[in-house]
Amino acid sequence: MCSYLGKRAFIAGVVDDNGYGWAITKALAAAGAEILVGTWVPVDCIHILPNGSLMDIVKVYHLDVVCDTPDDVPEDVKTNKRYAGSSNWTVKEMAEAVTKDFGRIDILVHSLANGPEVTKPLLETSRRGYLATISASSYSFVSLLRHFLPIMNPGFFRFHENKIIACSICVYIST
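Take 2 as the starting number for the sequence shown in this note's numbering and just add one per residue.
Rendered as structure tokens:
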């Protein structure tokens with residue numbers, strides 16, 4: 002296993018200890034990375050790393066990737082009880098908060114898959130539900146890149162603005 006000691010990783014989409022996001026988080030922590038997480042659900046799982054130590058999540062940020070900026074937030078969402086008392090949860094605001102709190106990051110992980118019909122069997126998914134899921138789960142990758150690439154430490158990765166990349170989990174590491 003390679004070492005990421007001294008590297009700061011931001012993982013968007015850690016929901017529970019069963020998903021890809023959590024597995025990547027645990028592997029990066031075991032390799033020595035400082036862990037920052039963007040999610041809406043509490044991350045209260047306790048995990049022991051392969052060396053016997055407890056995984057340390059330095060900070061958890063509330064994140065809802067459906068809204069890129071505060072101007073994108075519909076009025077019904079602003080007044081929804083789920084969002085009452087919370088702020089800085091859009092992608093832009095969260096990137097700004099990470100910048101304020103930590104400056105720069107080295108690793109960006111996009112592990113997001115969400116939609117209004119996520120609990121339905123595949124063949125019961127409506128076109129509307131599918132399109133909402135694609136919007137939330139795939140476009141969030143573009144939004145994260147837009148807002149986090151400027152705060153990533155320089156490295157071997159260079160994103161070409163004229164190309165579209167499609168994938169379900171994306172990891173960017175600067176060295």
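We put the CB at the ideal spot given by N, CA and C, even for glycine.
- Taking a contact to require three or more Cβ pairs closer than 8 Å, the stretch 90 to 101 and the stretch 110 to 122 do not qualify as touching.
- Beta-bridge annotation (DSSP): Val61 is paired with Val38.
- Judged by beta-carbon spacing, Ser144 lies beyond the 9 Å limit of Val78, meaning their Cβ atoms are not closer than that value.
- Within the stretch 82 to 137, the complete alpha helix (DSSP H) segments at least 4 residues long are 92 to 103, listed from N- to C-terminus.
- Check the Cα spacing between Pro151 and each of Ala34, Pro75 and Ile108: the tightest is with Ile108.
- At the C-beta level, Val59 and Leu29 stay beyond 9 Å of one another.
- Comparing C-alpha distances from Gly33 to each of Glu76, Ile12, Ser4 and Trp41 shows the shortest one belongs to Ser4.
- Remark: C-beta atoms of Ala10 and Thr40 do not approach each other more closely than 9 Å.
- Per the coordinates, the alpha-carbon of Glu76 lies some 21 Å from the alpha-carbon of Tyr140.
- Beta-carbon to beta-carbon, Asp69 and Lys101 are separated by about 18 Å, too far to satisfy the 8 Å threshold.
- Around Ala137, the same chain offers Val66, Val67, Leu113, Asn115 and Gly116 as residues with beta carbons nearer than 8 Å, after the five sequence neighbours per side are excluded.
- For Ala24, the enclosing alpha helix (DSSP H) stretches over residues Tyr21 to Ala31.
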